[in-house]
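Residue numbers (this note's numbering), protein chains in the order written: chain A, 7 to 344; chain B, 7 to 344; chain C, 7 to 344; chain D, 7 to 344. Each residue gets a CB set at the ideal place from its N, CA and C atoms; glycine is no exception. For reference, the structure is listed below as structure tokens.
There are 4 protein chains.
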Amino acid sequence: MFVVMEQGATDAQVAAVIEKLVTVGFTVHRSTGVVHTVLGCVGPKEDIIDPRNLELLEGVKEVHPVMSQYKLASRNFNPAGTRVNVRGVEIGGDAVVVVAGPCSVENEEQIERSAEQVAVAGAKGLRGGAFKPRSSPYSFQGLGEAGLKIMQKAAHRHGLFVVSEVMDHTQIAMMEQYVDLFQVGARNMQNFNLLKELAKSRTPVLLKRGISATIEELLLSSEYLLSGGNYNVILCERGIRTFESYTRNTMDISAIPVVKKLSHLPMMADPSHGTGRRDKVIPMARAAVAAGADGLLVEVHPTPDQALSDGAQSLYPDQFTELMQQLRMIAPAVGRTL
Amino acid sequence: MFVVMEQGATDAQVAAVIEKLVTVGFTVHRSTGVVHTVLGCVGPKEDIIDPRNLELLEGVKEVHPVMSQYKLASRNFNPAGTRVNVRGVEIGGDAVVVVAGPCSVENEEQIERSAEQVAVAGAKGLRGGAFKPRSSPYSFQGLGEAGLKIMQKAAHRHGLFVVSEVMDHTQIAMMEQYVDLFQVGARNMQNFNLLKELAKSRTPVLLKRGISATIEELLLSSEYLLSGGNYNVILCERGIRTFESYTRNTMDISAIPVVKKLSHLPMMADPSHGTGRRDKVIPMARAAVAAGADGLLVEVHPTPDQALSDGAQSLYPDQFTELMQQLRMIAPAVGRTL
Amino acid sequence: MFVVMEQGATDAQVAAVIEKLVTVGFTVHRSTGVVHTVLGCVGPKEDIIDPRNLELLEGVKEVHPVMSQYKLASRNFNPAGTRVNVRGVEIGGDAVVVVAGPCSVENEEQIERSAEQVAVAGAKGLRGGAFKPRSSPYSFQGLGEAGLKIMQKAAHRHGLFVVSEVMDHTQIAMMEQYVDLFQVGARNMQNFNLLKELAKSRTPVLLKRGISATIEELLLSSEYLLSGGNYNVILCERGIRTFESYTRNTMDISAIPVVKKLSHLPMMADPSHGTGRRDKVIPMARAAVAAGADGLLVEVHPTPDQALSDGAQSLYPDQFTELMQQLRMIAPAVGRTL
Amino acid sequence: MFVVMEQGATDAQVAAVIEKLVTVGFTVHRSTGVVHTVLGCVGPKEDIIDPRNLELLEGVKEVHPVMSQYKLASRNFNPAGTRVNVRGVEIGGDAVVVVAGPCSVENEEQIERSAEQVAVAGAKGLRGGAFKPRSSPYSFQGLGEAGLKIMQKAAHRHGLFVVSEVMDHTQIAMMEQYVDLFQVGARNMQNFNLLKELAKSRTPVLLKRGISATIEELLLSSEYLLSGGNYNVILCERGIRTFESYTRNTMDISAIPVVKKLSHLPMMADPSHGTGRRDKVIPMARAAVAAGADGLLVEVHPTPDQALSDGAQSLYPDQFTELMQQLRMIAPAVGRTL
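This is the structure:
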């Protein structure tokens, strides 16, 4: 940690800051520059003091913490990169893995058709929501466990793994019977009670970035899973909230190479939620793979116009097929297969 | 709902849109302007169709939904404004109500001193966290139920009502024994499972705006509580995330008059979380009252330097006393007392 | 324009709004829905009234303008898409056009080497700044006209067109002698005096999106150029300001397909300013092409470590060569060549 | 400057970074912590190297610059605070100074009535635009010099100083004849050519924060004025762009106490542009004064409904009078007069 004193800070002020630092356990090195005095502090654990407590001392200009708060998620914990095995499919390896399917599980026929269509086109996983968190209390709320049963049967019949969102820690035990990869939605990225319970599971977890979460906060949330013992973690960009309102969110494609540098965890992208509009899903899916994503989550529905939720961002099956062909051309440019 | 066709949209495109609208149950009125054809649609329920499904039709330029998705939270549901009674104290009435106390319940002595100090200075409620959602898994996580017991005793002894954060629907029944006003934190503003269960409680709820939530989303979340039967809802501004990083969040003071216009619910402000720095809490507390807030939530700690969490944004007791004196001068300028 | 009345608006309020609308020249159609009364207004010119003036009338809930404020920039003005000819190179056609070069013109040798290297790798244009707008008054401010002379000589010798930023309307006449494509920087996107003067030029203009400009504002600014008579306009995404601070800006890749849908103008992308970090330039350049960009602006410097400005975001020449090879693999996936 | 090496950085990597630092002129002090090696660097001028050039070296985790890039704007340059004298009125002193008037100068009668009304209510300055930068090329563009003449006559007759926006460096000489305080609009906050020329003037300058400018960037822009020799600089908050779209901008009230701490320059607030809606101007004006603003800029128009621009955010004269009365009650709470 570094404490930069204001220009003109008095010796008494500097001494008071040093005393505070020493009291909590830091070793302090003082450098006196032309303009600023700077205190470099080395301690056993940096978070023994809230940096803001130092910033509020007289004569302090600013405080720079040094240590990352995330440790296990950091790249140098596993420089070669983690490959997460989801029912035999490796995410984070040479192949870009595509997970596709409808927003919500609606009925058996819809899921069966979805599974068949996306498997034929080359997807490896089937996505579908059984519990739908909707901003309005007046909208369709999902089929629950019945939906998961339908989904598991259809997915496994077509050789696909099952991805579905867990909303609450009370759902984990039930869902583990059906799901091969838990999805934690953007709104739950900082639901620490949920993360702590998922950490005890051995089922892999796909953790989506919150719409107002920094990349560092995403990594800190993954730390809850890793430090609790679940190392099968995959991260996912799905759009952040900005002033631009033409698209529902602004998909932060640059987060993909940034996360790949900072962390060893695989990084996927969800262009369906990232844009909210079917006609933008395809270009953003291509962009994500071109930027180095380890996989994609794409909403596809046999008949988007009849979808009970998010039909507007679901691809038609033939659009998905065409997208997969384009991705097969792009993947080699980043040294990947599909 | 209005559908605006693109300049140059063909008659066939217009006809296709009209057919779609009529099929789902709308009555359509077509106006042909110099540049754009516009379709006005009146139907039994506007949300029978996702506007994005219309936007994706050929020839459609844009779609404007008309009906608010929130109904019970809307001002005209109770034009005179709602006054929420919290253990005999009215929030939303003539008096500005101040709730104060430490970030976390740490021990009996700390809470007793806090309660005494804030009561003497004029606060009506005691705040304090028993469960602490921390972004790092390595930080202090709260005292739990034991903390709530301590808090209730101290608060009621000093004539204060108790405010504490509920993190999860499984905590509601236990917490109801101790808490006079449930706080829903910013991260849980869209935890709909939690909101649905709180709606069944008769204990009042203070709902904080999420750091990336629009005012409309805040009102929609309050609708979950109201439509479920809990009418004792208070809203709270506590800062939104913007590009400016000098303050932890940017406190959106203008949300106060905006919410007061759109909704009948009381609107409080939390300048402690809104700024994250003790030296900015006081000016922002004054600003919130000057802008028309119905109350404040302020972090005060008997010894902020020893606080286990958020000491940097906690006021010293004498700073709080001084703030209350300033607020007593400002309140009459907005026709209020304190 | 549509005016939506509040639930419970009185007949007198509705009548007052209608009167106001009729007075300024609108024909009004009233629809009475279950909840809201809505007034559809058709007039000769929509902007004869500021929508906020209507919003402030008693009983008005919201106002929706219908007509785009941009007309000439709109896609339907030229549905096939505009191709801008810059010294014989077509931008907006089948080929993705890459412009490359250093941030600033520093000296003759640096520019000559830059021009040669980027031409060999396949670039069609040479970029370089002669006037450097720096946020600090204490930084290198550029070579001015001398720099433009050097640049023109080197570029044309290697068959490249010249792109350089114009800072001010007083520079236009001088710069036209050297520059084949004027660049308007992000900070000047709404410098309307500058745009009005550039509109009188016949030299093409590359208009960069401001870091806090919406897509609609970018198109409105282009309207200043088009309505003033300069139809050779190219737009460019270069990152917007968001809460995420790991990258200097957040490059809004989705703006590329959005602009291509809304407007007929070519849309380029600048991954160097969009990310501010060399190691992120390459993935974001690939992403932009995969998303459908008509061209790229990339900073390349013969020796980035010695660059007088922005060396950190400049590619090494061999990195640029490698990027061009990757782009040649991606372009066919979007039906383009390079 | 501090360079934090990654966990696991090799000795060779550390040595390479030290060499680079020493080469450009830094003295380096190395601290080896449990996890990270940190290099503290002291040099004659910190900006001899772009921190990003260090961030890109192998093994570097992050770089923290220490010195502020602004020097003359910094609080410790004049700890007592600067008072700017504008035609005999002191801004930054004990009294809160209110400047009021219409958005645009429209005609003699409108300005005469505006000046009279705001002077009677207690304003000290008259504001009004002669050149209107409009996002649409099809809107009213201002009266130019004729407008300034009208304005000067009316203002001085009523004992008010004149504030008007300068759009371009070519207008300075002409405008200096009429204007007592130059306003630099939000869009020009980083128009460095304009700032450099204004720095040569002795007329005071009111510099508005750009809608996407950080507080630090605002101070850096003021440094252009100060370092060029014009010390009569006043800063002004007028709203930043965020995801919230109910208000035109989000007025960052917290910027007021932040700037007052970081800088000695006076800080005003413009609630009219900060909110864009008349009904929000009054609460935000009160909030700004309660938060410690040195003054306000408020749009007032004799007949807002007939205003040629921004009528929707202009107060009626009697609303302004009422606001002034409220401000007189609030000012003493912050130790000020009005």
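Which residues bound the alpha helix (DSSP H) around C/E118?
For C/E118, the uninterrupted alpha helix (DSSP H) run begins and ends at 114-127, by DSSP.
Short of 6 angstroms in beta carbon distance, which residues of its chain neighbour D/V264, apart from the five on each side in sequence? Order them along the chain.
Around D/V264: I221.
Three or more beta-carbon pairs under 8 angstroms between the stretch 273-289 of chain A and the stretch 75-92 of chain A, yes or no?
No, the stretch 273-289 of chain A does not touch the stretch 75-92 of chain A.
Just checking my contact of D/A293 with B/A261 at CB under 8 angstroms: how many whole Å lie between their CB atoms?
Wrong, their Cβ atoms sit about 11 angstroms apart, outside the cutoff.
Please look up how many angstroms separate the CB atoms of D/K130 and D/L166, rounded, as I've assumed it's under 8 angstroms.
With 8 angstroms as the limit, D/K130 and D/L166 qualify as a contact, their Cβ atoms being about 6 angstroms apart.
Report, in whole angstroms, the separation of the C-beta atoms of A/Q183 and A/V168, which I expect to be a contact under 8 angstroms.
In this structure, A/Q183 and A/V168 do not form a Cβ contact; the two beta carbons are roughly 10 angstroms apart against a cut-off of 8 angstroms.
Going residue by residue through the stretch 163-215 of chain D, where are the continuous beta strand (DSSP E) segments of at least 3 residues, counting only ones entirely within it?
Correct list: 167-171, 187-190, 211-214.
In whole angstroms, give me the CA-to-CA distance for D/N255 and C/A161.
Those two C-alpha atoms are separated by around 43 angstroms.
Taking DSSP as the reference, what is the three-state secondary structure of D/M330?
Of the three classes helix, strand and coil, the one that applies to D/M330 here is helix, per DSSP.
If the criterion is Cβ atoms closer than 8 angstroms, does the pair A/I259 and C/M257 meet it?
With contacts defined as CB atoms closer than 8 angstroms, A/I259 and C/M257 qualify as a contacting pair.
Which residues, in chain order, does the stretch 237-259 of chain B contribute to contact with chain C at a C-beta distance below 8 angstroms?
Correct list: R247, T248, F249, S251.
Using alpha carbons as the reference points, say which of A/E151, A/M180, A/L302 lies closest to A/E243.
Ranking A/E151, A/M180, A/L302 by Cα distance to A/E243 puts A/L302 first.
DSSP three-state label for C/F83, please.
Helix.
For my contact list, B/S228 and B/L271 are in at a C-beta cut-off of 8 angstroms; report their separation, rounded to the angstrom.
Rounded, the Cβ-Cβ distance is 6 angstroms, consistent with contact.
So, is the C-beta of B/A296 closer than 8 angstroms to a C-beta in chain D?
At least one CB atom of chain D sits nearer than 8 angstroms to the CB of B/A296.
Pick out whichever of D/A106, D/G280, D/A127 has its Cα sitting closest to the Cα of D/A192.
Here the closest residue by C-alpha is D/G280.
Return the chain-ordered list of same chain residues with a C-beta closer than 7 angstroms to the C-beta of B/R93, the five sequence neighbours on each side being excluded.
Hits under 7 angstroms: F167, D186.
Would you mind reading off the limits of the beta strand (DSSP E) that contains C/R93?
No beta strand (DSSP E) holds C/R93; DSSP gives it neither H nor E.
Using 8 angstroms as the limit for Cβ to Cβ distance, is D/V264 near chain B?
By this cut-off, D/V264 is an interface position.
Looking only at DSSP bridge pairs, what is A/H35 linked to?
A/G46.
Candidates D/A299, D/K286, D/N113, of which the one nearest D/L241 by Cα
With distances taken between Cα atoms, D/L241 lies closest to D/A299.
Quick check on the DSSP output: the alpha helix (DSSP H) that includes C/H279 runs from which residue to which?
It spans 277-281 - the alpha helix (DSSP H) in which C/H279 sits, taken as one unbroken run.
Kindly say whether D/V48, judged by its beta-carbon, lies nearer than 8 angstroms to any beta-carbon of chain A.
Residue contact check for D/V48 against chain A: a CB pair falls below 8 angstroms.
Candidates A/K214, A/N236, A/V190, A/V44: which alpha carbon is nearest A/A136's?
Nearest to A/A136 by alpha-carbon distance, out of A/K214, A/N236, A/V190, A/V44, is A/V190.
Exposed or buried, which one is C/Q312 when buried takes at least 16 other CB atoms within 10 Å?
When all chains shown are included, C/Q312 counts as exposed.
State the beta-bridge partners of A/L303 as determined by DSSP.
DSSP output for A/L303 lists A/V105 as bridge partner(s).
Determine, using beta carbons only, whether D/A192 comes closer than 8 angstroms to chain G.
Of the chains in the structure shown, none is chain G; the protein chains are A, B, C and D.
Which same chain residues, not among the five before or five after A/V102, have their C-beta less than 8 angstroms away from its C-beta?
Here the set comprises V295, A299, D300, G301, L302, L333, A337, R342, T343, L344.
Assuming B/R283 contacts B/T327 (C-beta within less than 8 angstroms), just tell me the rounded distance between them.
Not quite, the Cβ-Cβ distance comes to about 20 angstroms (not below 8 angstroms), so this is no contact.
Given a cut-off of 8 angstroms, decide if A/L213 and A/V172 are closer than it, judged by their beta-carbon atoms.
Taking 8 angstroms as the cut-off, the Cβ atoms of A/V172 and A/L213 do not count as close.
Check for me: the beta strand (DSSP E) holding C/M11 runs from which residue to which?
Run containing C/M11: 8-11, per the beta strand (DSSP E) assignment.
Tell me whether C/T29 sits in a helix, a strand or coil according to DSSP, three-state version.
Three-state result, C/T29: helix.
Rounded to the nearest angstrom, what separates C/F249 and D/P108 at their Cα positions?
Straight-line Cα distance between these residues: approximately 34 angstroms.
Classification of A/D17 by the beta-carbon crowding that lies within 10 angstroms, buried from 16 upward:
Exposed is the call here.
Under 7 angstroms by beta carbon: chain B residues contacting D/A293
Result: I259, A293, A296, A297.
Would you kindly report the start and end of the unbroken alpha helix (DSSP H) that includes B/V287?
Here the alpha helix (DSSP H) through B/V287 covers 284-296.
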